[in-house]
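In terms of the numbering used here, the sequence shown opens at residue 658 and continues consecutively. The structure under discussion appears below in the form of structure tokens.
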Amino acid sequence: MTFTAIDFETATGYHPCSVGIVTVENGIIVDEFVTLIKPPNNLYSPFTIQVHGIYPRDTVNAKSFAQVYPEIQKRLQNRVVVAHNESFDRNVLAKSMALYNLDYADLNIASRWECTVKIYRAKGLKPTKLSDCCREMNISLNHHEALSDARACAKLYLMK
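So this is what it looks like as structure tokens:
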């Protein structure tokens, strides 16, 4: 199994403040990438801060999405992409790319990604939050930390 798992944490709406990406080649994790991202105007919702614990002070000197995008692109381009609740992460990526006039089609990835929520729901698991799936499958997780979430998603996909 060869694919890339991704997870975004957001500051407001679809504006990312962190991304974690895990690359799997032939069933083995071969690369992990994580970085903070400075959202537009470094604005955060109090709710999202409560979820992931990332504050404006943490990203005040971070790179913008456009500056981080080359790292994202090289890990996603021409790949099968997996996410837990893929529509959320896919929309974060697509809307962030659009904000910076980057063409989503250039990534040459599916319009719908592989989704571990859908896979585990189809297996009868309820509820299917990432933390629940990881508990059920005995996968360690530091929930709402982008790299840990992406790594857990990759492991869930490998165990599907």
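All residues carry an ideal CB built from backbone N, CA and C; glycine is no exception.
Per DSSP, the unbroken alpha helix (DSSP H) holding D715 starts and ends at 713-716. Annotation: E743 to I694 spans about 20 angstroms, alpha carbon to alpha carbon. Annotation: the continuous beta strand (DSSP E) that includes T692 extends over 685-693. In the displayed model, A719 falls within coil according to three-state DSSP, outside both helix and strand. A check of alpha carbon separations from K775 across G684, A740, N795, N735 identifies A740 as the nearest. With the rule of 3 Cβ pairs closer than 8 angstroms, the stretch 670-684 counts as touching the stretch 806-814.
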